[in-house]
Each structure stands twice: as C-alpha cells, then as structure tokens.
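The sequence shown runs contiguously to residue 217 in the working numbering.
Take a look at the structure below.
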Amino acid sequence: MEPREEIFIDEKTAASFKVKKGGRIRVIDVKGGQVADLVAVSKRDPSEKLSTAVTIDNNCSVRVQVGDTLFTNRYNPMIEVLYDTVGRHDLLFPACSPDMYRYQYGIRSYHPSCAENLSRALGIFGIPAGEIPSPFNLFMNTEIKKDGSVVIHPPLSVPGSFIDMKAVMDLIAAVSACPVDQGNCNAGACGPLRVEVYER
Ligand SMILES: [Zn+2]
C-alpha cells in the first residue's frame, strides 16, 4: 500500500502531521543509531495528549513492545504498536531542551533541541508550546540497572529499522530527529528519519 504522506526529516529537525483514527504511522531510522522523539495530541481536543506516565501506569512496564498501547493523560488508548524491527525504545526521558544542553553540557550558545523542534512543528497546527507532551523516544536505548540508575546505550536500530503504529483516535503528531550529538544517545552522530502515514 502506498503511504498517504511521506515525510523526510533532516537531521536535528522535526515534522508534524495528521493521522486519522485507524491510520498507521511508520517511523524509519534511515542511517541507524538515531533517536526519534514522537509526540501526539488528540485532534478533537489538543489538551488530551500522549502521557508516558499513564502509559507506564496502564502497562505496568517502562518498556513498549508490539501489541502494547500508548495512552493519553485522560487514560484513553491513543496509539498501538503493530510491528517493530528494533524492540528497544524509551518512555522515561524528556525531550532534550536548551536548558538540558546548558545544565548537562555547559552549552550556552544555540543548540537545536527536540523541545524546540516539536514546539515549532506542532505550532503549525496551532498547538501551544505548553501543550507539548513528554515524548515516546523511539529507538532510544535506555537500561535500568538494579540499583535504579539509568544508562543510555547507543540505539539498536540499523539503517532502515522501523516501527509501525496505529492511531486509535484522530491525532496531530510530530517526530523530532533528536539533535543530541554528545554521548551515546544517537551513537555519537545525528542522522535523518523518514515518516510514512497510511490511511488504514
Ligand atoms: Zn532530543
């Protein structure tokens, strides 16, 4: 089946798009080793939005596997995971932001961030910056140690790795190609993403 929309997301940038209930989203890591921050809000009422915390609560898990559902802040099903060639994603970390680059890396000059990318991308659809939810971090490879510490490893995604998801409600969504070029998060080098949106 041909996608209704095919979106190429250059490295360190983001894009937003609409998905109808029953439609599918495929997010593809073009070069491998690249994290994709995904956020979504209800098209009918953007104050209803993806909640990583509710998703962890309802699934009793910090992992997302095929067959799992992502939930909104109002405990409604929002997105289902249909197929996944990677099997390791993250629900714990916030979108990287100017404040994070300042605090963690001492960067005071401009550095692109998922928070700004996602705000800008969703702003196109009139979503206020304050409504941007905490992201589902596709391909982000985090490990929780027995002592509770969390370690970020390079993503397990290789060129062409992808995840397929189904919209359970009408959505406005955005994906950011994470601009972290420090540490393991994006395996040391940022790359592009491709998103395909299917009607059904
Ligand atoms: Zn990021």
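Just so you know, even glycine gets a beta-carbon here, dropped at the ideal spot from N, CA and C.
From a predicted model like this one, the values you see are computed outputs, not experimental measurements.
Could you give the distance in angstroms between the alpha-carbon of residue i and the alpha-carbon of residue j?
{"i": "Phe142", "j": "Asp164", "result": "42 Å"}
{"i": "Leu109", "j": "Ile169", "result": "11 Å"}
{"i": "Asp181", "j": "Ile42", "result": "6 Å"}
{"i": "Asn203", "j": "Lys48", "result": "11 Å"}
{"i": "Pro94", "j": "Ala31", "result": "24 Å"}
{"i": "Ile144", "j": "Asn134", "result": "13 Å"}
{"i": "Val103", "j": "Val79", "result": "16 Å"}
{"i": "Val56", "j": "Arg91", "result": "15 Å"}
{"i": "Pro129", "j": "Met186", "result": "31 Å"}
{"i": "Glu148", "j": "Gly177", "result": "31 Å"}
{"i": "Phe34", "j": "Phe179", "result": "18 Å"}
{"i": "Gln199", "j": "Gly205", "result": "6 Å"}
{"i": "Ile24", "j": "Glu213", "result": "6 Å"}
{"i": "Pro152", "j": "Arg217", "result": "24 Å"}
{"i": "Tyr122", "j": "Asp74", "result": "32 Å"}
Would you please state the rounded distance, in angstroms, between the beta carbons of residue i and residue j? I believe it to be under 8 Å.
{"i": "Tyr215", "j": "Pro20", "result": "5 Å"}
{"i": "Glu97", "j": "Lys37", "result": "Not quite, the Cβ-Cβ distance comes to about 14 Å (not below 8 Å), so this is no contact."}
{"i": "Ala138", "j": "Ser114", "result": "15 Å between Cβ atoms; not a contact."}
{"i": "Gln51", "j": "Pro172", "result": "7 Å"}
{"i": "Leu99", "j": "Pro150", "result": "Not confirmed; about 21 Å, so no contact."}
By the 10 Å Cβ neighbour count, where 16 or more other Cβ atoms means buried, how is residue i classified, buried or exposed?
{"i": "Gly208", "result": "buried"}
{"i": "Met18", "result": "exposed"}
{"i": "Asp107", "result": "buried"}
{"i": "Arg211", "result": "buried"}
{"i": "Tyr118", "result": "buried"}
{"i": "Cys195", "result": "buried"}
{"i": "Ile161", "result": "exposed"}
{"i": "Val175", "result": "exposed"}
{"i": "Ala146", "result": "exposed"}
{"i": "Ala190", "result": "buried"}
{"i": "Ser193", "result": "buried"}
{"i": "Ile45", "result": "buried"}
{"i": "Ile124", "result": "exposed"}
{"i": "Ala70", "result": "exposed"}
{"i": "Asp54", "result": "buried"}
{"i": "Gly40", "result": "buried"}
So is the beta-carbon of residue i under 7 Å away from any non-hydrogen atom of ligand 1?
{"i": "Pro196", "result": "yes"}
{"i": "Asp116", "result": "no"}
{"i": "Ser78", "result": "no"}
{"i": "Ala112", "result": "yes"}
{"i": "Asp62", "result": "no"}
{"i": "Ser174", "result": "no"}
{"i": "Ser126", "result": "no"}
{"i": "Cys131", "result": "yes"}
{"i": "Ser193", "result": "yes"}
{"i": "Asp107", "result": "no"}
{"i": "Asp54", "result": "yes"}
Could you tell me which whole alpha helix (DSSP H) segments of length 4 or greater appear in the stretch 167-206?
As far as the stretch 167-206 is concerned, it has no whole alpha helix (DSSP H) run of at least 4 residues.
Any beta strand (DSSP E) of 3 or more consecutive residues that is wholly inside the stretch 50-133
Those beta strand (DSSP E) runs which fall completely within the stretch 50-133 and span 3+ residues are 53-59, 86-88, 94-101.
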